[in-house]
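To start, the structure under review is shown below, and the notes come after it.
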Amino acid sequence: VDGTTCLRPITGRLTEEISEGGILLEYDYFLHPVQEKVKIVATDYGSYAILHFCAWSVPESGLCPPEATHVTVLVRHRMDDVTSERILTDLRRICVKKITLIEQDGNATCPLHSYMEVTGGRTPCSRNREVF
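First residue of the sequence shown? That's 46 in the numbering used here, and the numbers climb one at a time after it.
Shown next, in the form of structure tokens:
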């Protein structure tokens, strides 16, 4: 694998926001602090999950415009027709059209860095759900 589809590890903190039903990701990207709220909008708890992120929302309405919408579909294995249709139905429910999706190479394998490589030997704080 040439590594062109692999990202280097990002260190930061992961916080579950129960009231919002989402996850707050906090990390530094090229030395700039980033906060992203990601929601799990659909899952069957076995084969797929759909994550939704809105880069910005319209101030007057609070709605997420199509150009600011980012969804990620995570799958554990090759999808059958029934699962594919269920995912497309879930995406339509959140106003994401199939034509706007970009397929990533599912055969690419990225190296999984060791705990010591990623953390530099630091210990994560389990109370804050920090991950390194």
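Ideal placement from N, C-alpha and C gives every residue a C-beta, glycine not left out.
Notebook entry, point to check: Would you call D89 buried or exposed, if buried means 16 or more other Cβ atoms sit within 10 Å of its Cβ?
Noted result: exposed
Next item on the list: Closer than 6 Å by C-beta to A100: which residues in its own chain qualify, once you throw out the five before and the five after it? Chain order, please.
Entry: A113
Next item on the list: Pull up the distance between the alpha-carbon of L108 and that of S102, whole angstroms please.
Entry: 5 Å
Check: Can you list, in chain order, the residues of its chain whose CB lies under 6 Å from that of G57, leaving out five sequence neighbours each side?
Finding: E71, Y72
Notebook entry, point to check: Looking at the structure shown, is D125 part of a helix, part of a strand, or coil, going by DSSP?
Noted result: coil
Notebook entry, point to check: Would you call I147 buried or exposed, if buried means 16 or more other Cβ atoms sit within 10 Å of its Cβ?
Noted result: exposed
Notebook entry, point to check: Can you tell me whether DSSP reads E148 as helix, strand or coil?
Noted result: coil
Checklist line | Cα-Cα separation between K143 and T134, rounded to whole angstroms | finding: 10 Å
Notebook entry, point to check: Between V127 and L76, what straight-line distance do the alpha-carbon atoms span, to the nearest angstrom?
Noted result: 43 Å
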